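Structure first, commentary second.
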Amino acid sequence: MNTASIRSKFQELYGAEGILFTSPGRINLIGEHTDYNGAFVFPGAVDKAMVAEIRLNGTDRVRTYALDLGEHAEFGLNEEDAPQQAWARYIFGVCREIQKRGKKITGFDTVFAGDVPLGAGMSSSAALESTFAFALNDLLSLGIDKFELAKIGQATEHNYIGVKCGIMDQFASVFGKAGHLIRLDCKSLEYEYFPFDPKSKGYRLLLVDSVVKHELASSAYNKRRESCERAVAAIAKRHPEVKFLRDASMAMLNEVRSEITEEDYKRAEYVIGEVDRVLAVCEALGRGDYDTVGKKMYETHHGMSKLYEVSCEELDFLNDLAKELGVTGSRVMGGGFGGCTINLLKEELHDSFVDEVRRRYQAKYGHAPKFYDVVISDGSRRL
Ligand code: GAF
Numbered sequence: 001m002n003t004a005s006i007r008s009k010f011q012e013l014y015g016a017e018g019i020l021f022t023s024p025g026r027i028n029l030i031g032e033h034t035d036y037n038g039a040f041v042f043p044g045a046v047d048k049a050m051v052a053e054i055r056l057n058g059t060d061r062v063r064t065y066a067l068d069l070g071e072h073a074e075f076g077l078n079e080e081d082a083p084q085q086a087w088a089r090y091i092f093g094v095c096r097e098i099q100k101r102g103k104k105i106t107g108f109d110t111v112f113a114g115d116v117p118l119g120a121g122m123s124s125s126a127a128l129e130s131t132f133a134f135a136l137n138d139l140l141s142l143g144i145d146k147f148e149l150a151k152i153g154q155a156t157e158h159n160y161i162g163v164k165c166g167i168m169d170q171f172a173s174v175f176g177k178a179g180h181l182i183r184l185d186c187k188s189l190e191y192e193y194f195p196f197d198p199k200s201k202g203y204r205l206l207l208v209d210s211v212v213k214h215e216l217a218s219s220a221y222n223k224r225r226e227s228c229e230r231a232v233a234a235i236a237k238r239h240p241e242v243k244f245l246r247d248a249s250m251a252m253l254n255e256v257r258s259e260i261t262e263e264d265y266k267r268a269e270y271v272i273g274e275v276d277r278v279l280a281v282c283e284a285l286g287r288g289d290y291d292t293v294g295k296k297m298y299e300t301h302h303g304m305s306k307l308y309e310v311s312c313e314e315l316d317f318l319n320d321l322a323k324e325l326g327v328t329g330s331r332v333m334g335g336g337f338g339g340c341t342i343n344l345l346k347e348e349l350h351d352s353f354v355d356e357v358r359r360r361y362q363a364k365y366g367h368a369p370k371f372y373d374v375v376i377s378d379g380s381r382r383l
């Protein structure tokens, strides 16, 4: 990202120079809606990120400027000082969550901008949270470890935005490593880096952004989580060792089928299938078996569309098109309800696929999709 415009705005507003920090958005190869079910995810940070210039200002006020929006917000550091603007609440939430952990913070000035597409399922909000959590920890020498930084971002979503998300997005943003995906066990928080270089095997990873974002995505997201929790509660009556859907089997779920709604059953069925798919994909990747990786991605899309019901017409259309045009694997990525599909395809297919998808999507929906070739990159850092 070009940081010159951030630097010059910062100088103009505050007459000084700060330090630049960045945190990336993420992709997730497979393992969707598994994080809050205590299971595995398989994300990687990408070369699209949030960048903030920051300097401590010696007061108890925070002065922020969102360069992409051309908007200011100023707030104090007490609970009643919450700013009005939605974007500023992310920064405020991070400050408050750090304070709740017994750390003392002071006011600061900042200008920030980013190139993580908004509403595309690439975690622009986690990139924003991680940037400020990482920066404050660094500038104020707070001694917070990386896991706790990710949890501060997650708690910001829960307590200041109202999305009961899992840990995947903030974890990937903080822990990202160039050229590697990360298999994270969201129950034990053990993780492992997997080298991922599709180009060396003749493949590309391409995101296709439907450029649609359906209303009420966050309340629908929270409802999915509640369905999973109800299914766990029913299973746990017979199998107390089951704390998350990750601990359950289809046999256990079938035992309680008559005790839960059909909707909750379908949600849980999807998650139990997805838990196995993540492990199968990690194993397949280890032996360079991209065909199996791709097959599992299509299975995930089917589950997210028909059982978890977080896809939408446009994303199903993109998925069908990918299959028709010979893409190895394709599926809706992230929380769903709009945003991107992630596609694993042979290098030689790339250009014709982009042309054909652009033409047919435009013809059907009256607007073109966007395409992002992503590079797996490093996580939160000083620039
Ligand atoms: C969103 C959430 F923020 C993540 O925690 C995760 O649940 C994801 O949706 C679905 O896998 O990005």
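Note that the UniProt record's numbering numbers the sequence shown so that position 224 is 224, with each residue one more than the last.
For every residue, glycine included, the Cβ atom is placed at its ideal position computed from N, Cα and C.
On a predicted model such as this, the values are computed, not experimentally measured, just so you know.
*Using the beta-carbon of each residue, find all residues closer than 5 angstroms to any heavy atom of the ligand GAF and list them in chain order.*
Glu32, His33, Asp35, Cys165, Gly166, Met168, Asp169, Gly334, Gly335
*Which of the three DSSP states, helix, strand or coil, is assigned to Arg224?*
helix
*Pair within 8 angstroms by beta-carbon distance, Val293 and Leu344*: yes
*Distance between Ser227 and Glu263 (C-alpha atoms, nearest Å)*: 8 angstroms
*In the DSSP assignment, find the beta strand (DSSP E) that holds Lys243 and state where it starts and stops.*
Note, Lys243: premise wrong, no beta strand (DSSP E); not H, not E.
_According to DSSP, simplified to helix, strand and coil, what is Thr328?_
coil
_Where Thr261 falls, given that 16 or more other Cβ within 10 Å makes a residue buried_ = exposed
*Is Ala231 buried or exposed, if buried means 16 or more other CB atoms sit within 10 Å of its CB?*
buried
*Given a threshold of 16 other Cβ atoms within 10 Å of its Cβ, counted over all protein chains shown, does Pro195 qualify as buried or as exposed?*
exposed
*asked:* Quick check: the Cα distance between Ile91 and Gln170, rounded to an integer number of angstroms?
replied: 14 angstroms
*Could you name the residues that DSSP lists as bridge partners for Val208?*
Thr341, Phe371
*Is the region 263 to 276 in contact with the region 290 to 310, if contact means three or more CB pairs nearer than 8 angstroms?*
yes
*Unbroken alpha helix (DSSP H) run spanning Asn302, endpoints*: Note that residue 302 is His in the sequence shown, not Asn. From DSSP, the alpha helix (DSSP H) with His302 extends over 290 to 306.
*Please name the residue or residues paired with Gly44 in a DSSP beta bridge.*
Ile27
*Cβ-based burial, Val375 [other Cβ within 10 Å; buried from 16]*: exposed
*Closest Cα partner of Leu149 within the set His158, Asn137, Ser141, Glu157*: Asn137
_For Asn28 and Val41, what's the separation of their Cα atoms in angstroms?_
7 angstroms
*Starting from Thr261, trace the beta strand (DSSP E) both ways and give me its first and last residue.*
Careful: Thr261 lies outside any beta strand (DSSP E) and carries neither H nor E.
_Taking its Cβ as the centre, do 16 or more other Cβ atoms sit within 10 Å of Met250, making it buried, or is it exposed?_
exposed
*Rounded to a whole number of angstroms, what is the C-alpha to C-alpha distance between Leu207 and Glu190?*
28 angstroms
*asked:* With distance defined between alpha-carbon atoms, name the residue in Lys243, Glu324, Leu285, Ser311 nearest to Asp197.
replied: Leu285
*Among Lys103, Lys187, Gly107, Ile235, nearest to Gly58 - alpha-carbon criterion*: Gly107
*Who are the near neighbours of Asp316 in its chain, counting only those whose CB is closer than 6 angstroms to its CB and skipping five residues on each side?*
Ser305
_Threshold first: 4 residues or longer. Then list the alpha helix (DSSP H) segments lying entirely within the region 85 to 114, N to C._
86 to 100
*List the residues that DSSP assigns as beta-bridge partners of Glu71.*
Ala66
_Given this structure, state the Cα-to-Cα distance separating Phe134 from Pro43, to the nearest angstrom._
19 angstroms
*Please state whether DSSP places Leu136 in a helix, a strand or coil.*
helix
*What number of angstroms, rounded off, separates the C-alpha of Gly179 from the C-alpha of Val51?*
21 angstroms
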